[in-house]
Amino acid sequence: MSPMFPRALAFLAVMTTTAALRAAHTFYADPQTLPASASLPDPLVFTDGQHVDTREAWLEKRAPELRALFQHYEYGMWPAPAKVAAKVTREDKAALGGKATLREITLSLSQPEGAEIHLLLVTPNDAKKPAPVFLGLNFNGNQALLADPQIAVSPHWKPHNGKTLEQTRGADVDTWALDQSIARGYAVATFWNGDVVVDDKDAAEEMLRKFRPSGSAERGRSDTATIAAWAWCLSRAVDFLVTDPALDPKRIAVVGHSRNGKTAMLAAAFDERFALAIPSQAGCGGTAPCRVSDELSKEGANGRPTVETVKRINTSFPHWFCGDFKAFNEQRERLPFDQHELIALCAPRPVLLSCATEDVWANPSGQFEMLRAADPVYKLVAGDGLDATQMPEVSKLLSSRLGYYIRPGKHSMTREDWSVWLDYADRWMRP
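Numbered as in this note's numbering, the sequence shown ends at 1817 without a single skipped number.
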């Protein structure tokens, strides 16, 4: 395999280019002047009021229009293309008791300067053909996924939550449940979300500066923010995965939990090489609506609203979203889109929203409403979408093309989740 390879042409075909979007900035209204609507925007209506009546009109015109709006008003610019140089730094063909091959791969990006992704890739040894693969960001570093003292630690990794490096090794074995995926014929690829942009509001700003062509110290209203940078990094990992003969390039699923779930949803919406998306408990700015009732958004005695809101997320994590998104803190009804349209951008590819009963903050019922609102697009583009009008029973998977699952428990990623996610993947991209 050549250490340097181009981005897949399929990705270029679906993206609104950064240059084109920058040139069109004059056509985007100031957030304060946008019309207010408490109702969800109709995804099948262009910004000029015309209706989307055909599959082609959605894919060729409306979807690019929405991608441009999401970049300008919520996530910031999708960064310019980068070349990726891959180097395998370690290989263990007897991982997981001999059932898997573990590789550690450094992906060096041509930009931003000095950026590297440290990919952990685990593939089943008994696969008779290229395996489907789950790709996702992890929170605690690759060393947390297995109790393997040889797994390298990202150069930017620092102790947090009072845990030492050694305490993190193998701490997320059940969170990622790699053995389950391998046993069912799936590969898993992951890297720490702080490899290129760390999840810290101050340190992130310095790293995000490298994504700006001007290199200006201050982030502009629509400059790249952290969620977009992370999603773009997932696409750079795909640049490598599609070249690996052990993997099926047409069966790549993106997965993520919480803020990493927001990232997974954005990555799938902007990169059609992802065949399936499973954002877990992603909440506001991911798979839950920005438009929530005054009752749910009102701060209680603890100073928090009932569910995650635009204002709360921008206040707590100002580095995640672009500057213009903050203009909607008190005027969420002025957003020219909502998160159902991010889900719709994945059509016709399957999307499973995964929730938990005690994670009210992530707004499980609101997430189901986002699926209902995205359903007309799926019906137009794929011929089917959401096979239910009401949320399914707890612990019962709704495995339709637009899928939903809610289990008992709290905000977490578990072995039970992976078992269900694998069931869903078996339906839509079986090994």
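Quick reminder that beta carbons are idealized off the backbone N, C-alpha and C, glycines included.
Taking the Cα positions, aspartate 1560 is about 14 Å away from aspartate 1534. Per DSSP, the beta bridge partners of tryptophan 1578 are Asn1524. In this structure, the alpha-carbon of asparagine 1646 lies about 21 Å from that of lysine 1549. By the 16-neighbour rule on beta-carbons within 10 angstroms, proline 1599 is exposed. Taking the C-beta atoms as reference points, serine 1666 is found nearer than 9 Å to valine 1641.
The criterion of a C-beta distance shorter than 9 Å is not satisfied by histidine 1458 and cysteine 1732. The stretch 1759-1774 and the stretch 1805-1817 do not touch, with fewer than three beta-carbon pairs separated by less than 8 Å. Each of Ala1415, Ala1653, Gly1580 was checked against the Cα of proline 1545, and the nearest Cα belongs to Gly1580.
Excluding its 5 nearest sequence neighbours in each direction, methionine 1593 has C-beta neighbours in its own chain below 6 Å: Val1583, listed in chain order. Leaving aside the five residues that flank leucine 1564 on each side, the residues in its chain whose CB is nearer than 6 Å to its CB run, in chain order, Val1508, Val1574. Within the DSSP secondary-structure output, leucine 1594 pairs in no beta bridge. Taking 9 Å as the cut-off, the beta carbon of glycine 1556 is found closer than this to the beta carbon of glutamine 1529.
In the three-state DSSP reduction, leucine 1420 falls in the coil class, being neither helix nor strand. Along the length of the stretch 1680-1727, whole beta strand (DSSP E) runs at least 3 residues long do not occur.
For valine 1431, same chain residues with a beta-carbon under 8 Å away, outside a window of 5 residues either side, are His1437, Val1438 in chain order. Per DSSP, reduced to three states, the secondary structure at isoleucine 1537 is coil, with no helix or strand assignment. In this structure glycine 1601 is exposed. Its beta-carbon is surrounded by fewer than 16 other beta-carbon atoms within 10 angstroms. For valine 1737, the secondary structure class from DSSP, reduced to helix, strand or coil, is strand. Secondary structure note for leucine 1495: its beta strand (DSSP E) is the uninterrupted segment 1486-1495.
Within the DSSP secondary-structure output, serine 1666 pairs in a beta bridge with His1643, Ser1740. In the three-state reduction of the DSSP assignment, phenylalanine 1660 falls in the strand class, which pools E and B. Collapsing the DSSP output to three states places threonine 1629 in coil. Between serine 1785 and arginine 1813 a beta carbon distance of about 5 Å is seen, short of the 8 Å cut, so the two are scored as contacting.
With respect to leucine 1521, isoleucine 1638 sits close: the two C-beta atoms are nearer than 9 Å. Glycine 1606 and isoleucine 1792 have their C-alpha atoms roughly 38 Å apart.
In this structure the stretch 1681-1688 does not lie against the stretch 1487-1502, because fewer than three pairs of beta carbons, one per stretch, are closer than 8 Å.
For the pair leucine 1523 and phenylalanine 1723, the CB atoms are not nearer than the 9 Å cut-off.
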